[in-house]
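*Asks:* My questions will all concern the structure given below.
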Amino acid sequence: MFRSSINFSSSCALRRVDISEETNGNSHSCNYEELKLRMQDYATSGDFKQALYTLNFMGNISGKPTVYDFNKLMHCYFKSRNVSLQVLVELYLRMKRFGPSPNALTFNILCNGTLSSGKLEDAIFFVEEMHAIGFVPSFALLSKLLKKSLKLGNLIDSLRAFEIMWKLGYVPTGHSFNMMMCILSKAGMIREAYSVFSVLFNEGHFFGVHTLNPILWALCKSNQSYTALNLFYSMKKRGIVYNVCSYTALVFGFHREGFQEDALQCFYEMKENGCKPNVITYTVVIKFLCDNGCIDEALRILGEMEREGCDPDLMTYNIILRELCHQGRLFDIFKLIEIIDQKGFSPDSYTYAAFSGGLLKIGKVGYAYELLLDAISKGCNMDIAVYNIYLHCLCRQNRLREALTMLNSMIEEGFMPTNVSYNTILDGFCRENGVEEALELLDNIEWEAYGPDVVSFNTILCMACKNRNSVMIQKILYRMEYGGIKLDFVSFTCLIQYFCRVGKIAVCLKLLETIMHSGHGMAVITFNMVLDKLCKKGLIGTALRVFKNFTNCGFLPSTISYNILINAAIRVHDNFLVSQLLRDMYNRGLKPDGFTYRSLINGCCREGKIADALKLRDEMIDHGLTPDIAIYNAMLKAMLGKGRLGEFVLLLRIMILEECDLNDATLDILDQAQSKGWIKCLPKQ
1 MFRSSINFSS
11 SCALRRVDIS
21 EETNGNSHSC
31 NYEELKLRMQ
41 DYATSGDFKQ
51 ALYTLNFMGN
61 ISGKPTVYDF
71 NKLMHCYFKS
81 RNVSLQVLVE
91 LYLRMKRFGP
101 SPNALTFNIL
111 CNGTLSSGKL
121 EDAIFFVEEM
131 HAIGFVPSFA
141 LLSKLLKKSL
151 KLGNLIDSLR
161 AFEIMWKLGY
171 VPTGHSFNMM
181 MCILSKAGMI
191 REAYSVFSVL
201 FNEGHFFGVH
211 TLNPILWALC
221 KSNQSYTALN
231 LFYSMKKRGI
241 VYNVCSYTAL
251 VFGFHREGFQ
261 EDALQCFYEM
271 KENGCKPNVI
281 TYTVVIKFLC
291 DNGCIDEALR
301 ILGEMEREGC
311 DPDLMTYNII
321 LRELCHQGRL
331 FDIFKLIEII
341 DQKGFSPDSY
351 TYAAFSGGLL
361 KIGKVGYAYE
371 LLLDAISKGC
381 NMDIAVYNIY
391 LHCLCRQNRL
401 REALTMLNSM
411 IEEGFMPTNV
421 SYNTILDGFC
431 RENGVEEALE
441 LLDNIEWEAY
451 GPDVVSFNTI
461 LCMACKNRNS
471 VMIQKILYRM
481 EYGGIKLDFV
491 SFTCLIQYFC
501 RVGKIAVCLK
511 LLETIMHSGH
521 GMAVITFNMV
531 LDKLCKKGLI
541 GTALRVFKNF
551 TNCGFLPSTI
561 SYNILINAAI
571 RVHDNFLVSQ
581 LLRDMYNRGL
591 KPDGFTYRSL
601 INGCCREGKI
611 ADALKLRDEM
621 IDHGLTPDIA
631 IYNAMLKAML
641 GKGRLGEFVL
651 LLRIMILEEC
661 DLNDATLDIL
671 DQAQSKGWIK
681 CLPKQ
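Using the UniProt record's numbering, the letters of the sequence shown correspond one by one to residues 1 to 685.
Structure representation (structure tokens):
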């Protein structure tokens, strides 16, 4: 197939070079050898027109020009620095049509020349032409074509080159094939990579586990870990011996998809099979354990790693440090910092970001500020992420002037502030000076090329909604519309919260529908907030209609959604609705939580159904939930009101055995029981 970029019309360059053109000099008197030398000189200098004219003039000599003269012209022309591939293609087509017929050397010159020029599609065209005419391209030529296309990252041409090689019975070198698997896998062409791999493997060709590893990694990175595992075991049965990279891919994939048990099983199977995990394997396991909050398990793996002689690197420590900070485990944090220092590691920007960011998250703003101030004063290497955390610390401490000064210092030191930097300052201004000054600052900031983003406007919009500043809300919405900034989920949520607070329920419902149909998705917390507002206003019917409409559209409610509706139904004594909601809740695979049981037990107690309340308490315990003091208080109060002395004493004894923490409400109930003389019947414990 010809390239679309080449024009094969009748107006080609060859037709413009006519034998009848005038020429200077004594061409007519030149002999064949002189003409050949002259043609070569013209071609080498890049003057294709004169070279072709001289070649045509050879036609005055019997039996000339030969195919070798054409070949020589092409060869010399490729040596010049002014090659037009189009005229060479047209010259080839002229040979093919009018003669002399191209020979194997013609194709080798054209193929090697186009390859050297980086014209892969044209090289493939000539290879295919060569094969169609009856010549067999050499392995060296096709191998060079495959390597060149792989080196340039041209996957389509690589696959075409491989297909030609395979048709001719050639097998790529191990290096080329491994590179091909790697490039295809990184490009997400997993099916193509596996197809090519299978073709060679089924014919008895295999270049080692390094060929298969890129496919395993690509599958695991694209959430197809179980497919990777099937491939892993399939190849293992056929004699493939995997290495640490293979197992690490599976561990990474399963952790990434949240299948921790499978990931750890692969990790321990790796060790059982005598394949020693390296620092990357351990770091992958530790990272995903930390991401899931399993810091104690991560620390255990770290200890195991050190005992087995695999030294953690700074990245491993940084990951653990970050999670320790998130969980506020200061003792472990300083112990780990000491270990990092003893190991001779110098904290990098990620270390400072992990440490200070974690401290900031748990509210230790002062600690984070002092840490970063010390690091900056010592001239430690910082990146923009660390500077943004430092700005956050300053703004959280209401030190806006220092934050602005720091912003200027960053620019002087070559760190261009990002939108995160400016949005942090905007948030600080909103908190300290109000939304009016924040909006003024937004207009005066020298933003990057794209200007303020949706986060910038949301920062001010959310504060305006919190302050119920309707004028500022209108200003922000107008500015967003004027600037082409579309509302996102955060914008809608802030507005819904605002309209809920001011009692404009109809607007809230309209915004909910807008979110649902705009493709933003909807967080269940926003949905629950509207349900709660409707129920508290006594609009249970409206709340139920909203619930049904959204769940029928595919929205997934949470246990809290049902709790809101169940609690509202209990308040109006609609037991049938309560039963319906519980049944629907179970049908969706949701289970009652402590709040559900508290609402149900409170409802039973208000209706004097103490036996039902006690059954619910037992059911709650059977499901692994612990009744809180509010539940016990409700039952004690109901028993006291109904004169159920025996049950009152029994329940109080249970509370004492379970070491429940009594609160003021409990003590008030006991005082009433004592005034009735019930308290004397209690056992001494």
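Even for Gly, the Cβ is constructed at its ideal location relative to N, Cα and C. None of these values were measured; they are calculated from a predicted model.
#1: Quick check: the region 218–225 against the region 244–255, are there 3 or more CB pairs under 8 Å?
#2: DSSP state of Tyr170, grouped into three classes?
#3: Please state whether DSSP places Ala298 in a helix, a strand or coil.
#4: Where does Gln474 sit, in a helix, a strand or coil, going by DSSP?
#5: Rounded to the nearest angstrom, how far is the Cβ of Ala403 from that of Gly428, given a contact under 8 Å?
#6: Comparing alpha-carbon positions, which option in Phe197, Ile425, Lys378 lies nearest Asn388?
#7: Which first and last residues belong to the alpha helix (DSSP H) in which Gly253 is found?
#8: Counting only runs of 4+ residues fully inside the region 186–222, write out the alpha helix (DSSP H) ranges in chain order.
#9: With 16 as the cutoff for other CB atoms within 10 Å, does Gln674 come out buried or exposed?
#10: Report, in whole angstroms, the separation of the C-beta atoms of Val196 and Leu168, which I expect to be a contact under 8 Å.
#11: Would you decide whether Ser377 is buried or exposed? Buried here means 16 or more other CB atoms lie within 10 Å of its CB.
#12: Could you tell me if Cys325 is buried or exposed, where buried requires 16 or more neighbouring beta carbons within 10 angstroms of its beta carbon?
#13: Count the other C-beta atoms from every protein chain shown that fall within 10 angstroms of the C-beta of His175, then say buried if there are 16 or more, exposed otherwise.
#14: DSSP on Phe135, reduced to helix/strand/coil?
#15: What is the DSSP secondary structure of Thr666, reduced to helix, strand or coil?
#16: I need the DSSP call for Ser27, collapsed to helix, strand or coil.
#17: What residue range is occupied by the uninterrupted alpha helix (DSSP H) comprising Lys326?
#18: In chain order, what residues of the same chain lie with their CB nearer than 6 Å to the CB of Ile340, ignoring the 5 residues before and after it?
#19: At which residues does the alpha helix (DSSP H) containing Asp618 begin and terminate?
#20: I'd like the span of the alpha helix (DSSP H) that includes Glu341, first residue to last.
#21: For the region 471–544, list the alpha helix (DSSP H) runs that are entirely contained and at least 4 residues long, ordered along the chain.
#22: Between which two residues does the alpha helix (DSSP H) carrying Cys290 extend?
#23: Return yes when at least one heavy atom of the ligand SAH lies under 7 Å from the C-beta of Lys533, else no.
#24: When the distance is taken between beta carbons, is Leu373 closer than 8 Å to Tyr367?
#25: Val83 by DSSP, collapsed to three states: which one?
#26: If the criterion is Cβ atoms closer than 8 Å, does the pair Val386 and Ser421 meet it?
#27: With a CB to CB cut of under 6 Å and the five nearest residues on each side skipped, what residues in its chain are close to Ala43?
#28: Which same chain residues end up closer than 8 Å to Lys486 when comparing Cβ atoms and leaving out the 5 residues on each side of it in sequence?
#29: Whole angstroms are fine: how far does the CA of Thr106 sit from the CA of Lys49?
#30: For the 8 Å Cβ check, are there 3 or more pairs between the region 570–590 and the region 610–623?
#31: Thinking Ile564 and Leu590 are a contact (beta carbons under 8 Å), I'd like their distance in whole angstroms, please.
#32: Can you tell which of Gln260, Asn56, Ala187 has the C-alpha that lies nearest to the C-alpha of Ile156?
#33: With the cut-off set at 8 Å, would you say Leu115 and Lys79 are in Cβ contact?
#34: Cα-Cα, which of Glu659, Tyr632, Leu120, Glu658 is closest to Ile669?
*Replies:* So, from the listed chains and residues:
#1: yes
#2: coil
#3: helix
#4: helix
#5: 6 Å
#6: Ile425
#7: 244–256
#8: 190–202, 209–221
#9: exposed
#10: About 16 Å; that fails the 8 Å criterion.
#11: exposed
#12: buried
#13: exposed
#14: coil
#15: helix
#16: Legend: pLDDT at Ser27 = 41, less than 50; position of this residue unreliable, value from coordinates given subsequently. Three-state result, Ser27: helix.
#17: The residue you asked about is not Lys; residue 326 is His in the sequence shown. 314–326 is the span of the alpha helix (DSSP H), which, as asked, contains His326.
#18: Tyr317
#19: 610–622
#20: Correcting the residue identity first, residue 341 is Asp in this sequence and not Glu. Taken as a continuous stretch (DSSP letters only), the alpha helix (DSSP H) holding Asp341 covers 330–342.
#21: 489–501, 505–518, 524–536
#22: 279–291
#23: This structure simply doesn't include the ligand SAH, nor any ligand for that matter.
#24: no
#25: coil
#26: no
#27: Ala51, Leu73, Cys76, Tyr77
#28: Val454, Met480
#29: 19 Å
#30: no
#31: So it is not a contact: roughly 13 Å between Cβ atoms.
#32: Ala187
#33: no
#34: Tyr632
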